[in-house]
Structure formats: structure tokens, C-alpha cells
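Residues 434 to 1047 in the numbering used here are what the sequence shown spells out, letter by letter.
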Amino acid sequence: MTISKALLAALPVLICSAASAQQMTISKVEPPNWWSGMTMNQIQLMVTGENLDPPLTARSRSPQVRVTRVYRTPNSSYAFIDIEIAGDAFEGFHLITLYSGKDSVALRYPILRRKSPSGRFQGTDAADVIYLITPDRFANGDTATDRIPEMTEGRNRSNPLGRHGGDLKGIIDHLDYLADLGVTALWITPLLENNAPTLSYHGYAATDLYRIDPRFGTNAQYEELVREAHKRKLKVVMDHVSNHIGINHPWMKDLPSADWLNGSAASHQHAANAKADLIDIHSDSAVRAATTLGWFTDNMPDLNQRNSFVARYLIQNTLWWIESTGLDAIREDTYPYADPHYLGDWARCIMAEYPSFSITGEVWIGDPAVLAAYQKENRITDALDTDLTSLTDYALFDAFTQVFANKGSIRLIHDCLAKDYLYWDPYRLMTFVDNHDVRRIMYETGGDVHRSLLALKILLTTRGMPELLYGSEIGMMGGKDHGTIRADFPGGFPGDSTDAFTARGRSTEQNEYFRAVRQLLHLRKEHRSLAYGKLFHFPPVNETYTYIRILGEERIVVLVNNRDEAQKVSLVPLRPYLSGKKTLRSLTSSLTIDLAAAPEVEVPANDALILGTH
Ligand SMILES: [Ca+2]
Ligand SMILES: [Ca+2]
């Protein structure tokens, strides 16, 4: 066991206290440890306890940890103490004593040594395909923790909105499967403790921001997941929530300060779902304020990030998870609902510490003219510039939905991408045909295998950083509601009658679909032009859509046919891009096209040809 492991095993922080009638006690210190050698070497300890009465003072017995400030706070259950940690602080406990009148209490604060950053904090970009997992619904690797006495909700697989028992062990057990599939990163929806009687599986209502939900596993298991994923060249994306907590968070029984939240449980606004108002020059200021100050739901208290203690808590908490585990990127939930000044500070602290890291903001807006305002250095407005590099491309998603759910014109996808001039960098957008919040593509196409696959072919060959919802590789069909969208992956749970993790356990149709998706994923991995190549496209003709990705000498041509019959597509417009090339060869079949002989090529119904040059 390393010293770090021994230290962490000794947590929570050991406390000793002088006896008195109104005895000061400490029950919790957050963050539970820090590291020497961090850029952020001045941190704020949030101490929770009893009788932490003002005037409170603190003194460190360690020359390497200096107390720089103790705050006066109105609630004696909490104290905030700023400390500065020397770059060479030894790994171990550092003694800090708190004094109030004649009373005193000591805490031993653990400082750890940082691990080598090699292979950690990598960031994601267009070369990645991000596999989105709802952990409760992917695989149950440890049934012993499906019910935990201190957690109010236990496993009930018969309830579509209940907990089904999936966990971190289940994901770790299938990392080889995911690496073979060809995805390169895992976005796992929130894993933090959500102790609520219902709907606790979704994870977006945290009740402890420093603890993995024990039904998912342990903090050490999350660290193990990142380590094991990295061994297989898979990155890990944390689903992070700055905007809100769960109504059952202990803070709700005793708020650290009156302005810890926006509003209160008894009296709060509801978040206006009018995100465009934040940049609408005709909008009403009260409507604008309600977006960031209202509650997302009545069960999700809205954190007031304008309170500097709240902001510090959240920023340190984020750095703590990144440093503890080595995770690579964050998908930030409900991005437009959090305070933009806070989000800017938060992002800058993360990037100062981890320069290769990346953050994708969840901005659920289908209009590129509004969506683009959330990306850094955009030309639309400074008001929402939070240094955010990547965001969820709901505009392209909406175009996909129109084309594939409603059999709309392929022109909608072309026209959406034609507005990419609005973005600081459209190649960094997270693209998707579905996710955990919307109907699956197979549902949208009415179970049409060819059209679902066509949507994935476009997704995985056009610009952006694609995301794929778990089960997309076998054409899972859910769409009626959240329970069916987030259905259990077949084979992930004890007693499942089929096991889609193995070729033998998949049906013939599932295997065909799986092979096609796997092939696309490997194509994207092998061809850098599909990740970084410049995109050129042509206005659609008769529901055919032609585009090309170019990087250096590599050219990949994609010919899409959005009709129910085969159609000939002219190669003539592509000639200027293909000078010196003699043949086009399909990257997914044996088809070869002699460019000199064939001015056009037939594309099957509801399909796309993906062609390389030779
Ligand atoms: Ca389990
Ligand atoms: Ca908010």
C-alpha cells in the first residue's frame, strides 16, 4: 500500500477536541484532502461541525501549511478557512487547530503527492467518439451493493424509472468490449451519491459532492475505472453539475448561509426554459434572470454561484475529482442555467491546472445563431463567453431528427452545417443523433435499420466530436419515455435471457448492425481526415448529398442518398478536390470506381457510400 492509499484509508480526517459544555466538534472537512504542487495551492476548507462559534481563529502547526484567513460566518455549524500549501509540503497529515473562546478542536489535514500527469487529463476532441453510459442501466457487476441500508432506494428492475443495479464494476468488466467496439471515450452520467426515494438512478440530484453513490461503487473504484480505461486507450468524461444539487442534500437541513441557494425550498422561481432570452436584445430582464436563478425542478435546489464560498466549493470539488482520478474531460450539465461569470472562472481554474483538458457544455438549443453564442470568442456576444470550447450540437441533432424521424429533406443537414460560420470552431461541437434525454434514432426511424445506420454514417463522417448512446451499436429502440430510452443493456444484468456483449448472444440482425457500427467506428479511428479534415459540401440534388473531408493528402468522399430508391450521384463537382487521384475505393465494401471512366456512381436507397482515394 502506498502512503497515499494509507492516508486515504484513514479518512475521514482525524479529530481531537478539548472538552467543554458547548463543545466544538468537526464532522466533515471539504475538500477531504489536497495535493502539494498544484497550481491552485491556496484552497478554502469548508468545515462542518457544531459550535464553531465566532470569533473563530485557526492556527497551523505545520510550516508547510499556512492559515491565511478564517471567515466570520453567521452559521456556527460551518467554518471557512483559507490555507496555503507549500509546493514541497510533505505527504501526510498537517495539524490545524481551531479556537473559539477557550475551546479548541484540531484537525489533521491530509496533503498528498501528485501522481505523474502522464496519460491523464487528456481532453477529448474530434478524434474521439464518446460512448454515453447511464451507469444504472449498462451492467450490474456487483449485486451485493444493489441495496444499501443508508440509501432509501434499492434495486427494482420492474420499475422503468427505478434503480436497476448497474454499477462501476459492470462498466469495468466491459472495457475490453468497448475498446474493441472502437469508441475512444466514455461519458458516464453522474455517479455521485443521489440519496432520494425515487428517480435516484439518473444521478443529477447529488446529496454528497465528494462521494460516489455506494450503489455504483466507491471512490476508489471510480479511480480504478479511469486507470483501467486509460490502459485500453479509452478516455473518461465526467458528467458534472454546477447548477444544482438534490433536495435531500444535507445542506438543505442547515444552509451554510442564507444566500447559499437562489431562493429557498419554500420560495423559488422556476428556471425559464427560454435560453435565447439571454442574448435576445428585446428580452425582459426578469425573464433573463429566471434562467440562471430559477430552479431546474423543485427537487433540484439552485446553487448561488455568485456567493464566493459556493463558487470556491464547486471549483475545488471539480479539481479534486480530476486530480483524484485522472479523468480526461467534463460534460457540464444544464450549462445555460449556471451563473456565466462563475462558469468562466471555473473553466479557467480547470484549464490552468490541466492544459489538455476539455469541457463540453450541455446547451440544449437548436438554433445555431443562439447556440454559437455559448462558444468562446464568438462574434455574437461577450455576455456568455465562458471560455467554453465545446458544446452539444443540438442544432445538428434537430436536423437529424427532422430528416430521420419525419423523413425531411437531407437539405436540412446541409443547411445546418452551412451556418457553421457562426461558431468559433464547429469542429469541436459534440455531435449526436440521440442521447439519454431524447428518443433513440432506431425509434425515430420506426425501426428502419438502413435509415438508422445512414444517420450514424453521416454522424461518424461529418465534422464534430460524435457521441453515441450505449446500445446504439445493437440498434436499441427505446423512445417512449426516459425509462425506455434508458433501458437495460441486454446481457448486463444477472438473469438476462440474451447477452448482446457477445457475438453469440446477439441475434443475426443485431450482429449485422453491430458489425456495421463497429466498422464505422474503426474507420473514424483509422482516418484522421474524418476527425480533423476540412469539410467541403455541395447543395443536395434529388435528396442526394455529397461531401468530402480533406486532411493533407487524405480525402474521404461521402455520397448520401436520402431516397427509397437507388440514385446516381455525379462525381463531377468533386473533380477539383480529387486532382491526381485515379480511383475511389469504398472503405466499407469492395466497390472501386475508376474516376476517368465513371462520371457518376450509384448509391443504394437510404444509404451512403464512404470512399477513399487511391
Ligand atoms: Ca450493482
Ligand atoms: Ca442556476
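By construction, the Cβ of each residue, glycine as well, lies at the ideal position given by its N, Cα and C atoms. All figures in this text were calculated on a predicted structure; none of them were measured in a lab.
{"Item": "Contacts around Y1086, its chain only, beta-carbon distance under 6 Å, and the 5 residues preceding and following it disregarded", "Value": "Since the first and last residues shown for the chain are 434 and 1047, residue 1086 lies out of range."}
{"Item": "Residue range of the unbroken alpha helix (DSSP H) whose run includes K1001", "Value": "Where K1001 is concerned, there is no enclosing alpha helix (DSSP H), although the beta strand (DSSP E) it sits in stretches over Q1000 to S1003."}
{"Item": "Unbroken alpha helix (DSSP H) run spanning I874, endpoints", "Value": "I874 to E877"}
{"Item": "Integer Cβ distance of A785 from T472, believed to fall under 8 Å", "Value": "5 Å"}
{"Item": "R896 to P496 span [Cα, whole Å]", "Value": "53 Å"}
{"Item": "Range covered by the beta strand (DSSP E) that runs through E1035", "Value": "E1033 to V1036"}
{"Item": "Uninterrupted beta strand (DSSP E) stretches inside the region 845 to 904 (no shorter than 3 residues)", "Value": "898 to 902"}
{"Item": "Nearest-angstrom Cα separation, counted from K548 out to I436", "Value": "Low confidence applies here, because I436 scores a pLDDT of 48, under 50, leaving its location unreliable and the question unanswered by this model."}
{"Item": "CA-to-CA distance, D600 to L478, given in whole angstroms", "Value": "31 Å"}
{"Item": "Among A707, Y643 and L624, nearest to M671 - alpha-carbon criterion", "Value": "L624"}
{"Item": "Among R739, N732, M733 and D731, the one whose alpha carbon lies nearest that of A722", "Value": "R739"}
{"Item": "Pairwise C-alpha distance: R872 and A443", "Value": "With a pLDDT of 47 at A443, under the threshold of 50, the modelled position of that residue is not reliable, and no figure is offered here."}
{"Item": "Bounding residues of the beta strand (DSSP E) (the contiguous stretch that carries E756)", "Value": "That residue, E756, is in no beta strand (DSSP E); its alpha helix (DSSP H) goes S741 to T758."}
{"Item": "Spatial distance of Q1000 from Y876 (CA atoms)", "Value": "26 Å"}
{"Item": "Proximity to G556 [Cα-Cα], best of S962, A704, P972 and L760", "Value": "L760"}
{"Item": "A512 Cβ short of 6 Å to ligand 2 heavy atom set", "Value": "no"}
{"Item": "Backbone secondary structure at I798 - three-state DSSP", "Value": "coil"}
{"Item": "Test item, CB below 5 Å from any non-hydrogen atom of ligand 1", "Value": "N573, D575, D579, G598 and D600"}
{"Item": "Secondary structure, alpha helix (DSSP H): runs of 4+ residues fully inside the region 947 to 1035", "Value": "961 to 965"}
{"Item": "Host alpha helix (DSSP H) of H774 (start-end)", "Value": "P773 to E786"}
{"Item": "Touching by the beta-carbon criterion (3+ pairs, under 8 Å), the region 857 to 866 and the region 948 to 961", "Value": "no"}
{"Item": "Spatial neighbours of I514 in its chain, beta-carbon cut-off 8 Å, leaving aside the 5 residues before and after", "Value": "Q477, L478, V480, A491, V500, R502, V503, Y504, I529 and L531"}
{"Item": "Distance cut-off 6 Å: A771 Cβ against heavy atoms of ligand 2", "Value": "yes"}
{"Item": "N- and C-terminal bounds of the beta strand (DSSP E) containing F526", "Value": "G525 to S533"}
{"Item": "Through-space distance from T506 to T917, alpha-carbon basis", "Value": "47 Å"}
{"Item": "Coarse secondary structure for F513, derived from DSSP in three states", "Value": "strand"}
{"Item": "Three or more C-beta pairs below 8 Å linking the region 714 to 721 and the region 657 to 676", "Value": "no"}
{"Item": "Span of the alpha helix (DSSP H) around A691", "Value": "Run containing A691: none; DSSP gives neither H nor E here."}
{"Item": "Beta-carbon spacing of L992, V1002 below 7 Å", "Value": "yes"}
{"Item": "Selected residue, minimal CA-CA separation from Q702, among Y770, H673 and A638", "Value": "Y770"}
{"Item": "Environment of Y854 [buried if 16+ CB atoms lie within 10 Å]", "Value": "exposed"}
{"Item": "H701, DSSP secondary structure in three states", "Value": "coil"}
{"Item": "Opposing strand residues paired with L1042 [DSSP bridges]", "Value": "L992"}
{"Item": "Own chain, CB closer than 6 Å to Y775, minus 5 neighbours either side, in chain order", "Value": "Q738 and A744"}
{"Item": "Sheet register partners of Q475 (DSSP bridge)", "Value": "E517"}
{"Item": "Beta-carbon proximity check, H955 vs G615, cutoff 7 Å", "Value": "yes"}
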